[in-house]
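J.: First, the structure itself, so that you have it in front of you.
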Amino acid sequence: MICPDRSFYNRSTDLVAVELLGNKLVRIISHGQEKPKRLSGIIVETEAYGSNEDGASHAFRGLTLRNAVMFGEVGRAYIYFIYGNHFCLNISAKPLEIEAGAILIRALQPVEGLKIMKIFRKNCQELSLTSGPGKLGQALNIQKSMNGKDMTDQKSNIHIEFGVKPPGIMATKRIGTSKALDKKWRFISLDTSEKGYVTNRFASRRG
DNA sequence: TCGATGATTGAG
DNA sequence: TCAATCATCGAA
500 MICPDRSFYN RSTDLVAVEL LGNKLVRIIS HGQEKPKRLS GIIVETEAYG
550 SNEDGASHAF RGLTLRNAVM FGEVGRAYIY FIYGNHFCLN ISAKPLEIEA
600 GAILIRALQP VEGLKIMKIF RKNCQELSLT SGPGKLGQAL NIQKSMNGKD
650 MTDQKSNIHI EFGVKPPGIM ATKRIGTSKA LDKKWRFISL DTSEKGYVTN
700 RFASRRG
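Numbering (the numbering used here), first residue to last: 500 to 706.
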């Protein structure tokens, strides 16, 4: 299975965010003696975050303990805890000359392991399984201990597999922040958006 | 230390 | 529209 390699992530974060759409996020769940279970989904919504030029980025004020992955090797999982409830998954990415950056994975179209995702998500409807960064964190049982994992490693229990570029993509302003509103760095795959797989709470407020 | 806050969500 | 909920970070 081909996948985006390390150099894929060594480019501008907004370009990487666009090109992650259509690829597959895979999570392997190991439980005792049972054989490992595959959970996966097509990436249908992403957001790019930059360095000290991007007021909305966690890296805006420089290196801290939390955002260290954004400053390190590209292609690694940056996982943070937010609002006392949710784990969100990013992949570190940046051109060589930029200090830090990451792509937030905001939504998936679930493909494999829906039954297990529904258990983690307390039996919600399919369209609500992974249609938000906190939701997919819960559906895939993403833990803080996975921070820094190599997303290009096909044997890892969380990684990216190569997929098909979606036919249509739209860029909007990023959600959940009031900063750097000039940057249209949220990207969604249009066909899956119409089916309701992306965050739609803000659908009426285009940007 | 300490207080403010947040790349969200589910319920009302 | 609103509260839940707590790790993180900058200021004191």
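Positions of the beta carbon are idealized from the N, C-alpha and C atoms, including for glycine.
Roughly how many whole angstroms lie between the Cα atoms of P665 and K617?
T.: Whole-angstrom Cα-Cα distance: 26 Å.
J.: What is the rounded straight-line gap between the Cα of E693 and the Cα of K683?
T.: In a straight line, the C-alpha of E693 is about 20 Å away from that of K683.
J.: Should I578 and N622 be called a contact, given that it needs their Cβ atoms to be closer than 7 Å?
T.: Not a contact, by the Cβ cut-off of 7 Å.
J.: Can you tell me whether DSSP reads E518 as helix, strand or coil?
T.: Residue state, collapsed to three classes: helix.
J.: Quick one: any contact between the stretch 509 to 520 and the stretch 562 to 571, if contact means 3 or more CB pairs under 8 Å?
T.: No, they do not touch.
J.: Do L588 and I641 have their C-beta atoms within less than 7 Å of each other?
T.: A contact, by the Cβ cut-off of 7 Å.
J.: Here's the rule I'm using: 16 or more other beta-carbon atoms within 10 Å means buried, otherwise exposed. How should P503 be labelled?
T.: Under this definition P503 is a buried residue.
J.: Excluding five sequence neighbours on each side, which residues of the same chain lie with their C-beta closer than 7 Å to the C-beta of R704?
T.: Caution applies to R704, whose pLDDT of 45 falls short of 50 and renders its modelled position unreliable; the model cannot decide the point.
J.: Looking only at DSSP bridge pairs, what is Q532 linked to?
T.: Answer by DSSP bridge pairing: none, since Q532 is not bridged.
J.: Name the DSSP beta bridge partners of F580, please?
T.: F580 pairs with F586.
J.: Work out the CA separation of Q608 and N551 for me, nearest whole Å.
T.: Rounded to the nearest angstrom, the two C-alpha atoms are 32 Å apart.
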